[in-house]
Structures are given as C-alpha cells and as structure tokens.
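Asker: Residue numbers (our numbering): 1 to 606.
The beta carbon of each residue, even a glycine, is placed where N, CA and C say it ideally should be.
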DNA sequence: AGCACGCCGACT
DNA sequence: GTCGGCGTGCTC
C-alpha cells in the first residue's frame with residue numbers, strides 16, 4: 001500500500017502516516033486533509049512511500065490540486081525548521097497562503113530549480129536615498145518574475161500599486177481574501193503573473209527563473225513576527241537564494257548588523273552611493289539640566305520657527321511611561337508588591353503598576369525621605385503634549401499612541417494626526433510622513449531607548465533617528481536632546497554617514513560576543529509551580545552546559561517567577577547543539593514542563 | 001496546537 | 001447531587 005507522511009501545524013516534531021486511498025495520486029508538496037485527534041486537519045505531505053502498516057487511517061482529501069512546494073522547497077522548509085527548532089508542519093503553515101476550500105486543477109508543473117550557477121549574482125544590499133526607486137527600476141528592466149516581501153500589509157498594498165504600473169501584479173498577503181492569495185500563488189507558478197508582493201507567508205512563492213526576490217527594510221524586527229518559524233525573513237531569503245538561481249535585493253535605510261557584516265565580508269554587494277540631501281542635525285546636551293520642561297530652548301525655538309514657516313513638526317517620544325520621583329532624595333515611587341516604578345498618568349492623576357495593574361492616588365510625600373516634592377520624570381507623549389500646548393496654543397497638536405491607533409478610534413486619530421502641525425508620537429507615527437514631508441523632527445529624550453537592556457539598543461536608536469531624518473526636508477532640521485550626546489548613533493545621523501555607526505558597533509558586538517559574531521538563543525522553561533520551574537530550568541541549564549560549543553548563562557526568573565529564561569551563545573551550529581542538548585526534555589517521558597527556544601532573537605524579552 | 005480525559009469547588 | 005476549572009497526554 002501507499003503511505004503518505006503528513007506534517008501538521010502543531011508543535012510535534014514528527015509527521016503522521018496515512019494510507020493513500022486507491023487510485024489517488026499524491027506527491028510531496030501537496031497539502032491534504034486527514035483525521036488527527038478526532039478532527040479533520042490540513043497538513044503538508046512531506047513524503048510518499050510504499051509500505052505495510054496496518055491500521056492507518058486514510059487521507060480524507062487533497063487540498064492542493066498541484067503541489068504548492070517543490071522537492072527543493074520542501075528541503076528549504078526542512079532547513080528552516082531545523083535552524084529555528086520549529087516543526088516542519090508549522091513552518092509550512094506560516095510560509096504558505098491559507099488552504100482554499102478546493103481548487104481547479106492546473107496544468108503547469110512546478111518550475112524546476114537547480115543549484116546556483118557560478119555566475120549567479122551576489123545578493124545586493126541597497127541603502128541610501130532612492131533605494132526603493134532603484135528597486136522599481138530593476139524590476140522594470142528585468143522581464144523575469146519578481147516577488148517583493150514587506151514587513152507589513154500596509155507596505156505590501158503600497159508596493160502592489162507600484163508594481164501594477166509595471167506589469168500585472170498580484171498580492172500574496174493577508175490584505176486580500178484567501179482565494180485571491182491562492183490564485184496569486186498559482187498565477188506566479190504558471191507565469192500568468194510575473195510580479196507579486198506579500199509578507200513572510202509569500203517567501204516560498206514559486207518564482208520561475210530568471211527571478212528577483214526583494215526584501216524591503218531587511219533591518220525590520222517585524223520580519224520575524226511571533227509564531228513559527230522563529231526565523232527572520234532575511235535569513236530565509238538568503239538561504240533560498242543560495243539554493244535557487246534568483247537575484248536577491250535587500251533594502252534598508254539602516255541595515256541590520258548581520259547584513260552589514262555580510263557586506264563587509266564580501267558575501268553581499270553593497271553599492272556605495274553619494275549622500276543625498278540631508279537636514280541639519282544637531283544634538284542638544286541635556287546632562288545636568290533640571291528637567292522640568294521637555295523642550296530645551298533650541299528645540300522650542302526650532303518649533304516656533306517651523307510653525308511660522310507653516311511646516312510640520314514631529315516630536316518623537318519614548319513609549320515608556322513616565323514615573324514619579326522625589327526631588328529631594330531621588331527615590332522613584334514604586335509598586336509595593338512588584339518593586340517596579342509606577343507609571344504616572346497626569347490626566348488621571350494616578351499611579352498605575354504596569355505589572356499587577358494596581359492603581360494608586362498620587363502620594364503627598366516621599367515614602368523614603370518624607371520630602372514633599374514629588375515630580376514626574378521621563379517624557380511620555382502625554383506630558384510632552386501638555387508642555388507643547390502650553391507654549392504653542394495656536395498650533396494644531398495631535399498625539400499618536402500606538403494603542404489608540406488601532407481599532408475604531410484609529411481612523412479618527414489618524415485623520416487628526418494627518419492634519420496636525422505638531423505630531424507627538426512614538427516610532428509608529430513615522431508612517432504618517434512621506435520622505436522630506438517634515439520641517440522639523442526632534443527626539444525629546446531618546447535616552448530610554450539607548451539605555452534599554454538590549455544589545456540592539458544602539459541599532460534601534462540609529463534606525464529610528466535615521467528614519468526620522470529621512471522624513472525631514474533638506475532645508476529642515478533634526479534635533480536630538482540627549483544625555484548621551486556623544487553617542488555614535490547620533491554622530492552617524494548628524495553626518496549622514498552609516499560607517500560612523502557600524503564601525504564602533506561591530507567592534508562592540510565582536511568584543512562582547514554578540515551577533516553577527518556569535519549567535520544567541522533564549523531557552524524558556526515553564527512548569528507548574530515556581531520550584532518546579534526552577535528545577536526544570538536548572539536541569540535544562542545543566543544539559544546545555546554539557547554541550548561544548550555553547551556558552552550558557554544562569555537562568556533568570558521573570559517577575560511572576562513562573563518562567564525562567566536561559567540565554568545561550570554559540571556559533572553557526574547553535575541550532576543543532578541546542579536540539580541535541582534539549583532532546584531529552586522533548587521526549588514524552590520527560591514529563592512536566594514546557595521548553596521553548598527562540599533562536600536569533602530580535603526583541604529582547606526582559 | 002486542539003481536544004480529550006480526569007480529578008476538586010460553587011451552583012440548580 | 002451536577003457543571004466546570006485547566007493540568008496532563010495523545011494524535012497516524
């Protein structure tokens with residue numbers, strides 16, 4: 001009898017075997033519906049073989065008339081799953097359009113994709129002004145298939161419109177109905193469409209050679225969204241390019257250190273560009289300044305001048321809420337139970353704990369020294385808005401909150417922000433402004449960002465400051481108020497010179513053994529009680545320490561003490577070493593506890 | 001992941 | 001006396 005091995009979207013790291021009903025033709029790469037745990041579920045057929053295993057349930061029905069993945073693409077999926085310690089089934093689910101009900105049989109087979117020839121071009125990293133225009137020119141010049149991957153559906157929509165001006169373009173992302181996504185996949189496969197745009201679920205879309213794959217904003221953390229596979233789209237794209245003859249273009253205003261290092265090592269081409277127009281960037285030193293006012297005199301003057309010139313102002317604030325501190329002894333008002341600083345809301349005149357949610361009225365005196373002067377520190381959007389309104393009462397001022405920007409009130413807030421003279425917001429507000437749309441962009445206090453307990457803090461700060469500067473007209477200004485005015489991220493933005501950031505940053509990363517020189521993984525252990533969690537974490541730590549190539553740090557408890565995280569460093573073989581070391585905990589006999597592994601984390605979970 | 005099975009608290 | 005909490009375990 002014929003047996004099909006099917007991988008399901010579940011954290012089980014093996015496939016399930018089914019009998020192929022007589023008369024069916026099934027090949028690996030097709031999805032099929034089959035009974036699993038009492039329900040009919042869709043999985044990927046990863047192998048078809050002859051055998052004699054009595055008692056197997058039969059496949060229920062085929063979902064794809066034609067395979068959606070070729071053998072080579074299934075091999076790529078295996079590689080992704082192994083590298084990210086994800087299951088093959090959930091990797092497939094994340095990297096394919098959702099299965100349609102049923103589809104018409106197509107006639108075209110999958111394009112055969114061979115190994116990369118010796119003449120295959122290196123991946124290219126496009127930086128600098130006009131990088132997106134250069135991508136479009138490339139796609140216009142080539143007659144081959146092209147796929148543009150963006151980090152979010154909004155960007156996909158914009159690119160789909162741009163591509164449609166060149167040739168027929170289809171969308172493979174969740175911004176269009178499921179049937180349309182499936183049809184787009186098939187249109188690429190049979191050549192009826194040559195241009196496509198999508199998010200990570202489009203990364204494996206069929207691209208008959210000669211083809212171009214474009215990854216926009218390769219530095220974006222959104223290219224590694226939550227859920228399997230825990231791998232950045234940049235890594236998927238680079239591996240696909242290594243296995244398939246396609247041209248790979250990466251774009252970034254501020255490349256990831258990973259991409260920059262590859263470029264320096266000659267693995268990626270990074271054409272150098274003449275610097276384009278750039279605003280005047282100044283850094284205002286706020287050290288030793290009594291912070292009762294978020295706007296230093298130079299910033300207040302710049303706002304006044306920009307508004308007088310009828311141009312727009314963007315004030316970048318940190319999402320971190322402000323807290324209350326004693327002017328006399330410096331103590332911060334903390335939650336009695338959780339020990340973290342209570343978030344101060346001026347409007348509500350209350351203090352709220354962001355861990356346990358407890359809300360307290362404002363205290364009259366400092367608990368530490370009984371001083372009577374408790375004042376807020378840190379500049380949240382709300383406090384900055386208040387200060388700006390007080391000084392510029394005639395201006396139209398809008399606040400852009402990431403939380404309020406979603407949902408029903410989102411549209412209203414967006415409209416208000418789009419019409420405002422002064423927008424006060426976090427990183428997400430950047431989307432409101434096109435290139436050179438602003439007269440002034442200013443960072444009220446990026447120090448929280450810079451001091452975040454995350455080795456990517458500098459990279460993030462650079463990305464945000466650079467992105468803001470790109471949105472300011474060449475005759476406009478960027479003002480950065482900081483207690484770290486000498487930081488090389490600011491110097492790089494001020495002189496529009498990326499090297500000024502990457503040179504010292506690479507040195508720092510190399511010295512401390514951070515990516516791109518070593519790989520990181522965060523292993524999370526969870527068990528019922530806190531002592532069980534502790535015991536599990538100790539056992540996991542011991543197992544990891546037994547592995548030669550791994551550097552293992554002691555487990556860190558989270559605030560609730562129900563989760564412990566173990567940070568691990570290793571080399572290129574980190575996934576394999578982790579998999580070997582953790583195998584005993586994955587066995588069914590291992591019992592209690594859940595172990596979770598995040599390889600190459602981009603967001604620091606602490 | 002789902003979904004079942006399986007033992008301990010507040011209700012008709 | 002039941003309904004239901006989610007801890008543990010299995011799914012071809």
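Quick one, which of 583, 553, 532, 579 has its alpha-carbon nearest residue 563's?
Answerer: The option with the nearest alpha carbon to residue 563 is 532.
Asker: Buried or exposed: where does residue 52 fall if 16 or more other Cβ atoms within 10 Å of its Cβ makes it buried?
Answerer: It counts as exposed.
Asker: Considering only residues of the same chain and omitting the five flanking positions on each side of residue 106, which have a CB-CB separation below 7 Å?
Answerer: Residue confidence is low: residue 106 scores 41 on pLDDT, short of 50, so the model does not pin down where it sits. No coordinate-derived value is stated.
Asker: In the structure shown, what three-state DSSP assignment does residue 694 receive?
Answerer: With the chain running from 1 to 606 in the structure shown, residue 694 is simply not present.
Asker: Taking the alpha helix (DSSP H) that residue 539 falls in, what are its first and last residues?
Answerer: Looking at the DSSP string, the run of the alpha helix (DSSP H) that includes residue 539 is 530-545.
Asker: Tell me the residue span of the alpha helix (DSSP H) that contains residue 558.
Answerer: From DSSP, residue 558 is part of no alpha helix (DSSP H); its letter is neither H nor E.
Asker: If you run the structure through DSSP and keep just helix, strand and coil, what is residue 80?
Answerer: Reduced to three states, the DSSP call for residue 80 is helix.
Asker: Going by C-alpha distance, which of 154, 4, 16, 240 is nearest residue 72?
Answerer: Ranking the options by Cα distance to residue 72, first place goes to 240.
Asker: Going by beta carbon distance, what residues of the same chain come within less than 8 Å of residue 352, once the five residues before and after it are set aside?
Answerer: Closer than 8 Å at Cβ, skipping near neighbours: 342, 343, 345, 358, 359, 360.
Asker: Can you name, in chain order, every residue of its own chain whose Cβ lies under 6 Å from the Cβ of residue 263, other than the five neighbours on each side?
Answerer: So the list reads 125, 270, once near-sequence residues are dropped.
Asker: Using a threshold of 9 Å, state whether the C-beta atoms of residue 426 and residue 256 are closer than that.
Answerer: No; because the gap between Cβ atoms is not below 9 Å, this pair is not in contact.
Asker: Residues in its own chain within less than 7 Å of residue 552 by CB, not counting five upstream and five downstream?
Answerer: For residue 552, where only same-chain residues beyond five positions count, the Cβ hits under 7 Å are 541, 544, 545, 566, 568.
Asker: For residue 669, which option in 298, 519, 378 has the closest C-alpha, if you only look at C-alpha atoms?
Answerer: The structure shown does not extend to residue 669, since the chain spans only 1 to 606, so no value can be given for it.
Asker: Rounded C-beta distance between residue 74 and residue 28? I'm assuming under 8 Å.
Answerer: Between residue 28 and residue 74 the Cβ distance is about 6 Å, and since that is below 8 Å, they are a contact.
Asker: In three-state terms, what does DSSP make of residue 9?
Answerer: Reduced to three states, the DSSP call for residue 9 is coil.
Asker: Quick one: is residue 112 buried, meaning 16 or more other Cβ sit within 10 Å of its Cβ, or exposed?
Answerer: In this predicted model, residue 112 has a pLDDT of only 48, less than 50, meaning its place in the structure is not dependable enough to derive any value.
Asker: What are the uninterrupted segments assigned as beta strand (DSSP E) that are 3 or more residues long and contained completely in the region 209-234, given in chain order?
Answerer: Taking only runs of at least 3 residues, the beta strand (DSSP E) segments lying wholly in the region 209-234 are 211-215.
Asker: For residue 347 and residue 384, what's the separation of their Cα atoms in angstroms?
Answerer: Approximately 13 Å between the Cα atoms of the pair.
Asker: Do residue 284 and residue 481 count as a contact pair if the criterion is CB distance below 9 Å?
Answerer: Against a cut-off of 9 Å, the Cβ pair of residue 284 and residue 481 comes out as a contact.
Asker: In this structure, does DSSP put residue 594 in helix, strand or coil?
Answerer: Reduced to three states, the DSSP call for residue 594 is strand.
Asker: Can you find the residues in the same chain that come closer than 6 Å, C-beta to C-beta, to residue 602, ignoring five residues on each side of it along the sequence?
Answerer: If we look at residue 602 and ignore the five residues flanking it on each side, its Cβ neighbours are 221, 224.
Asker: Quick one: measure Cβ to Cβ for residue 77 and residue 33, integer angstroms, because I've assumed they're closer than 8 Å.
Answerer: 19 Å between Cβ atoms; not a contact.
Asker: If you draw a straight line from the alpha carbon of residue 142 to that of residue 59, how long is it in whole angstroms?
Answerer: Between residue 142 and residue 59, the C-alpha separation is close to 43 Å.
Asker: What did DSSP end up calling residue 482 once you bin it into helix, strand or coil?
Answerer: Strand.
Asker: Under three-state DSSP, which class holds residue 319?
Answerer: Of the three classes helix, strand and coil, the one that applies to residue 319 here is coil, per DSSP.
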